[in-house]
Amino acid sequence: MIPAAFTYHRPKSIQEAVALLAKLGDNGRALAGGHSLIPMMKLRLAAPGNLVDLAGIGELKGVRADGNDIVIGAMTTQHELIESNLLADKIPLLRETSLQIADPQVRYLGTLGGNVANGDPGNDMPAVMMCLGASYNVTGKNGERRIAARDFYQGAYLTALETGEVLTGVRIPTPAAGHGWAYEKLKRKVGDYATAAAAVILTMKGGKVESCSIGLTNVADTPLWAQEAERILTGSTLDAATIKRAVAAAEAITSPASDARGPGQYRTKMAGVMLTRALDRAKSRVRGQGSE
Amino acid sequence: MAKSQIELKVNGKNVEALVEPRTLLIHFLRDQLNLTGPHIGCETSHCGACTVDLDGKSVKSCTIFAVQANGADIRTIEGIANADGTLHAIQEGFREMHGLQCGFCTPGMITRAYRLLQENKNPSEEEIRFGISGNLCRCTGYQNIVRAIQFAAAKLNGAPFQEAAE
Amino acid sequence: MNDMTPTSAERAAKLEGMGCKRKRVEDIRFVQGKGNYVDDIKLSGMLYGDLVRSPHGHAGVKNIDTTKAAALPGVVAVITAETLKTVNLAWMPTLAGDTQMVLADGKVLFQNQEVAFVVAESREAAADAVELVEVEYEPLPVNVDPLKAMTDGAPMIREDLKDKTDAAHGKRKHYNHIFSWQAGDKAAADAAFAKAEVTIKEMIIYPRVHPCPLETCQCVASFDKIKGELTLWGTFQAPHVIRTVGSLISKIPENKIHVIAPDIGGGFGNKVGAYPGYICAIVASIVTGRPVKWTEDRIENLSTTAFARDFYMDVEIAATKDGRVTGLRCYTIADHGAFDACANATKWPAGLFSIISGSYDFPAAYCLVDGVYTNKAPGGVAYRCSFRVTEAAYCIERAMDIMAQKLGMDPAEFRMKNLIRREQFPYTSAFGWQYDSGDYRTALNKAMESVGYKKLREEQKAKREAFKRRETRELMGIGVAFFTEIVGAGPSRACDILGIAMFDSAEIRIHPTGSGICRLGTKSQGQGHETTYAQIIATELGLPADSITVEEGNTDTAPYGLGTYGSRSTPVSGAATAMACRKIKAKAQMIAAYMLEVHDDDLEWDVDRFRVKGNPERFKTMTELAWAAYHEVPPGMEPGLEAINYYDPPNFTYPFGAYICVVDIDVDTGQTKVRRFYALDDCGTRINPMIIEGQIHGGLTEAFGIAMGQEIHYDAEGNVTTASFMDYFLPTAVETPHWETDWTTTPSPHHPIGAKGVGESPNVGGVPCFSNAINDAFAFLGATHIQMPHDHWRTWMAAEKLGLHA
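Chains as they are written, first to last, in my numbering: chain S, 1440 to 1731; chain G, 10 to 175; chain Z, 1062 to 1867.
If you want it as structure tokens, here you go:
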């Protein structure tokens, strides 16, 4: 219940934060919403000597349109994602996903940055970011860089972030108007991590799939980008036989842990079921030309 | 470990204190300010018994350090009653509808319900249940808690309280 | 008398006595955050204790080095078994006739077993010091499978009992064996099976679960060196028992031990026995001369304190082919973990499991239970179980469904055919229990009518056909459970805890101005006793419930009692309350007669007064009589108006109920939606319907959790894998179904107010109702028994096994 002792820092700018983290190296951790890190610290599974609280850095907040993209500051909370009219209008997938993360209290403080940056395979936003083709703005002592979400995840708690780097924002290409979307999450109870979940973005033209994006949550030690399934579905009418092949392709890339949610074989099958249901719901939401 | 000075507002009163960085807000409230209303029911941030209202947000005070709350405006169950000392409609509702038994989840539950009704003045049953999904109760089975919140919503809206037929 | 004079009914209503939905007294402080729980207690100079625990499920302890921990600034003491041995407390007696290590004495026998106790000036220093205690372990082979416990070569759990073949409950037949206990008539049962037309046999497993109250176990121990007195605040459902046990093991006389149970955040059987944390805190306080607070966190609570169930029941029913049951047999292996720490009455190592013939008229029955040791946390009796009644009810209700299925009969119809009939009460079961009262058919009929049972079965039939035609991927299940449970422990001839008979008590004192105080030997942990006992008194004595203060939990002032668990408060202390009231009323009647100058027999009672028969204008209210008792008593009578009653119940009470639920199962994910849950309970006289309803809601929610996902799971290495809220399934408001409650009222003939108790009924009946529903959904496809919990993946696996995903 009681974490190990640490020194607390509250920088006022990204530069200050990055400089601090560079200096502290492995002995420092960034603190975002704290709802992944602090529980680990209370169980003494993590005992950083220094916490660098990002809450005082205004540049890390905000949701704005930037040309064809939407840029979201890393310290934007799940609650703020849900409340954002811009996101409800342009990327409703995010709101639907946020509402399935944890509970109201956690959503008030938990951040998008925290959810995508720590490499926890159970987090929901990573697969959604892969589905959306998002990229992460990262700042370190060597300056800024941008990493595609699809290239970011390397293993459980292993990401492309280097020591001392801070994820400062997420850039998402705005999906086409009239797109269909769904985040279908099977869980044991509200607030739980996914037994399996699928994120889908879909556009249709002339009754056929014009583009399809699929991300899968918690069925491997990283989020999964189901490229092969996407390829199978593109150009199809989302007929049962094609979906069956796409599901098989999606299942084939999973390697879920067996845990209290069920044995690996069950979770793989559930990834398939979630994908099927997400495709169905996404299709029903497609609007405008091509939705017939 | 060096202590930090924090200044914040708790239940309308300005507070200054020295805390270790690792002191959780729940321990600060309970041990240093003697506000023993919010409770500790777990160490994995699930149960919500520690819920407080911080800068207009429902927050699990066991998952935030007191130093992070520097400058914050916090309300605990001890600050929920009306300014004239009468029970808040939510507190009244919990009593009217038998929304508590052992009382341990109650402070966190009422404090969460307070913010829920600020977010949504007229929630449906489904919205109430979803709105309190971060607060566990082992005694009541939630049904009377839902009724308590509906009672409170009606009272705050100046509407008559219609009990659903069994 | 005129139109303004209140009628009897109006006067009765104002009293808020039995039968009314009196709002709770407790709520006023709880809704304002002004409850007084153990962790709220702060004493000057108080220290904090924290436990070092074993990561291994079974290991020798070669060495414990406390040097670094003791050297940490703020640490005042580090206690190990060696320290405790100097005061003969390294081991303590359990409530089940076993002994238990307080701190590891050469070995650890389950993961998270207590190894050392650190005492420090702050929580932080204690937590840091725990990390600094260095323990050298020698891992040993682990066994967490009770079915393997008594095989040759199974790892020996209790080396300390190695040569002990005679134990608390008789002969031990294996080094991991604890007890054998049997009931019923084996010969008669065997004969019934020998000639049976139809039989079923099934292994019914009730997995290990945990009651998980929201407040964990905790205490503050404060030993006053100067007076030689110990004050102990704690989460105690049975404070007097803690005092007596504490005295026996510490040798401090009982008059110098003050045990106080303040507000308790839920008990559910988790807070009955004594835990190592309590003993360590007491010893630490004695050693340091300062108060010591010990609180456990959730993982500690779930993985080491009183678990529940873990029963493997091999059950058989014999019946005629037209559906009359003729015999019942059950062989059970009970997993008690590493120590038998069950809070059972002495003669009942398997509790009241022999209620297993349930609501049905079995002419012959027999059960045998073998308790075994494994490398798991100690305990077994907890979680609204009424002493193993939950296990028995689950077993018989599943078995009846399985037999109904074999006979091709509807489960409700099969039950109706075998329910004990009203004319048979008081009914003596094949296990010798005398059921006090019941009208089972009326209850089951009412339940079935209320839910529209026939229409539900028709709907199910249509849905099954649609499923076969692949028009739907949902299966509908209807669960029926008709339970009879046995509570109110208990008659002294049958029940004692460590030799103390299981009576209970009420002491009532009425003050001169007509209000009063009632103190009892029970202890509420949320059941609303401050509200309900006052209602009994209001009806009995005609004083407003609001004028009666109810106190429990302080052993200095409360009369001796055995505490609150097993739904015993209403049956035992509720009876004591009524009996004490009647003593007071009898005295008041004599005073009234004296004041009114009539004979005692010339008076009749009317709600709140004694009035002269035939002359109702002449009366004395109880309030007037209270005043008189302090200055105007008849010559020769003592002043004052109070009484105490210690009630030794003549029998248990037998609440019963009919529960029906409807579920819809998504075969492709294994998710179950509870469409409807109807619970009809008969708890005899209903003291406060609002509180009863609350108890039913809460118990059904616990039952839902148990049936649909809870388990305390150990892997083969002895790691407990479900010991936090990450994985131990506690439903939120979102998952929890809506509950419909209903009732019939069949008073208990032997209870002074006819009340039976109700707190545990919903867990007893709820679990089998849910489980029967899920099983019922798949029954038409040939499945006979799907084990709990019915979480998504297991339900999906059942569907997979039946080929439903092809």
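C-beta: ideal position from N, C-alpha, C; glycine also.
A quick note: this is a predicted structure, and the numbers were derived from the prediction, not measured.
Same chain, Cβ closer than 6 Å to residue i, neighbours up to 5 away in sequence not counted
{"i": "Ser-1675 of chain S", "result": "Val-1648, Thr-1681"}
{"i": "Pro-1695 of chain Z", "result": "Tyr-1655"}
{"i": "Ala-1587 of chain S", "result": "Ser-1574"}
{"i": "Phe-1423 of chain Z", "result": "Val-1386, Leu-1389, Ala-1491"}
{"i": "Cys-111 of chain G", "result": "Cys-148"}
{"i": "Glu-1535 of chain S", "result": "Tyr-1622"}
Minimum Cβ-Cβ distance from residue i to chain S less than 8 Å
{"i": "Pro-1792 of chain Z", "result": "yes"}
{"i": "Asp-1375 of chain Z", "result": "no"}
{"i": "Trp-1409 of chain Z", "result": "no"}
{"i": "Glu-1087 of chain Z", "result": "no"}
{"i": "Val-76 of chain G", "result": "yes"}
{"i": "Ile-99 of chain G", "result": "no"}
{"i": "Val-1795 of chain Z", "result": "yes"}
{"i": "His-1047 of chain Z", "result": "Nothing in the structure corresponds to residue 1047 of chain Z, since chain Z is present only between 1062 and 1867."}
{"i": "Thr-115 of chain G", "result": "no"}
{"i": "Gly-102 of chain G", "result": "no"}
Spatially closest choice to residue i from the options, by CA coordinates
{"i": "Ala-1395 of chain Z", "options": "Z:Ser-1785, Z:Leu-1208, Z:Ala-1073, Z:Ala-1641", "result": "Z:Leu-1208"}
{"i": "His-1448 of chain S", "options": "S:Ile-1441, S:Ala-1471, S:Met-1440, S:Pro-1442", "result": "S:Ala-1471"}
{"i": "Asp-1725 of chain Z", "options": "Z:Gly-1718, Z:Phe-1717, Z:Lys-1734", "result": "Z:Lys-1734"}
{"i": "Pro-1614 of chain S", "options": "S:Ile-1441, S:Asn-1524, S:Lys-1529", "result": "S:Lys-1529"}
{"i": "Gly-117 of chain G", "options": "G:Ala-75, G:Ala-92, G:Leu-44", "result": "G:Leu-44"}
{"i": "Gly-1384 of chain Z", "options": "Z:Val-1781, Z:Arg-1476, Z:Leu-1413, Z:Asp-1224", "result": "Z:Arg-1476"}
{"i": "Thr-1365 of chain Z", "options": "Z:Lys-1437, Z:Ser-1415, Z:Ser-1418, Z:Lys-1262", "result": "Z:Lys-1437"}
Sequence-distant residues of its chain with Cβ nearer than 7 Å to residue i (five each side left out)
{"i": "Arg-1720 of chain S", "result": "Ala-1621, Glu-1623"}
{"i": "Asp-1887 of chain Z", "result": "It is not possible to answer for residue 1887 of chain Z, since the shown part of chain Z is limited to 1062 through 1867."}
{"i": "Ser-54 of chain G", "result": "Lys-69, Cys-71, Thr-72"}
is_contact[residue i, chain G] using C-beta, thresh 8 Å
{"i": "Tyr-1098 of chain Z", "result": "yes"}
{"i": "Phe-1091 of chain Z", "result": "yes"}
{"i": "Gln-1771 of chain Z", "result": "no"}
{"i": "Ile-1477 of chain S", "result": "yes"}
{"i": "Gly-1512 of chain S", "result": "no"}
Neighbourhood of residue i by C-beta distance below 8 Å, restricted to the same chain and skipping five residues each side
{"i": "Pro-1695 of chain S", "result": "Ala-1635, Asn-1657, Val-1658, Ala-1659, Gly-1703, Arg-1706, Thr-1707, Ala-1710"}
{"i": "Ser-1785 of chain Z", "result": "Arg-1359, Ile-1360, Leu-1363"}
{"i": "Arg-1483 of chain S", "result": "Pro-1442, Ala-1443"}
{"i": "Val-1176 of chain Z", "result": "Leu-1112, Val-1113, Arg-1114, Ser-1115, Val-1122, Ile-1125, Thr-1141, Leu-1164, Ala-1165, Val-1169, Val-1194, Val-1196"}
Chain Z within 8 Å of residue i, Cβ atoms only
{"i": "Glu-175 of chain G", "result": "With a pLDDT of 42 at Glu-175 of chain G, under the threshold of 50, the modelled position of that residue is not reliable, and no figure is offered here."}
{"i": "Ala-1721 of chain S", "result": "no"}
{"i": "Arg-1585 of chain S", "result": "no"}
{"i": "Ser-1730 of chain S", "result": "For Ser-1730 of chain S, the predicted structure reports a pLDDT of 49, less than 50, and the residue's modelled location is therefore unreliable. A value from the coordinates is still provided. No - not a single Cβ of chain Z is within 8 Å of the one on Ser-1730 of chain S."}
{"i": "Gln-171 of chain G", "result": "no"}
Name the residues in the stretch 1442 to 1462 of chain S whose C-beta lies less than 9 Å from a C-beta of chain G; which are they? Pro-1442, Ala-1443, Ala-1444, Phe-1445, Thr-1446, Tyr-1447, Arg-1449
At least three beta-carbon pairs within less than 8 Å, the stretch 1190 to 1199 of chain Z to the stretch 1116 to 1131 of chain Z: yes
At a CB distance below 8 Å, what residues from the stretch 1609 to 1631 of chain S approach chain Z? Give them in sequence order. Leu-1625, Arg-1627, Lys-1628, Val-1629, Gly-1630
Can at least three beta-carbon pairs, one atom from the stretch 1549 to 1559 of chain Z and one from the stretch 1262 to 1281 of chain Z, be found at a separation below 8 Å? no
Do the stretch 92 to 104 of chain G and the stretch 153 to 165 of chain G make contact, defined as three or more Cβ pairs closer than 8 Å? yes
Chain Z contacts from the stretch 49 to 60 of chain G (Cβ-Cβ distance under 8 Å): Ile-49, Gly-50, Cys-51, Glu-52, Thr-53, His-55, Cys-56, Ala-58
contact_flag[the stretch 1149 to 1164 of chain Z, the stretch 1401 to 1413 of chain Z] where n(CB pairs < 8 Å) is 3 or more: yes
Contact the stretch 1489 to 1498 of chain S vs the stretch 1465 to 1479 of chain S: 3+ CB pairs below 8 Å: yes
Tell me which residues of the stretch 1531 to 1563 of chain S have at least one Cβ-Cβ distance to chain G shorter than 8 Å, keeping chain order. Ala-1541, Asp-1542, Pro-1543, Gln-1544, Val-1545, Tyr-1547, Leu-1548
Any 3 or more C-beta pairs closer than 8 Å across the stretch 1516 to 1524 of chain Z and the stretch 1475 to 1484 of chain Z: no
Give the residues from the stretch 1661 to 1686 of chain S that approach chain Z closer than 9 Å (Cβ to any Cβ), ordered along the chain. none
Mind checking the stretch 138 to 171 of chain G against chain Z and listing, in chain order, the residues whose C-beta falls within less than 9 Å of any C-beta there? Arg-138, Phe-139, Gly-140, Ile-141, Ser-142, Gly-143, Asn-144, Leu-145, Cys-146, Arg-147, Cys-148, Thr-149, Gly-150, Tyr-151, Gln-152, Asn-153, Ile-154, Val-155
Listed from N- to C-terminal order along the chain, which residues in the stretch 1556 to 1574 of chain Z have their beta-carbon within a distance smaller than 7 Å of any beta-carbon of chain G? none
Counting beta carbon pairs with one atom in the stretch 1182 to 1194 of chain Z and one in the stretch 1204 to 1218 of chain Z, are three or more of them shorter than 8 Å? no
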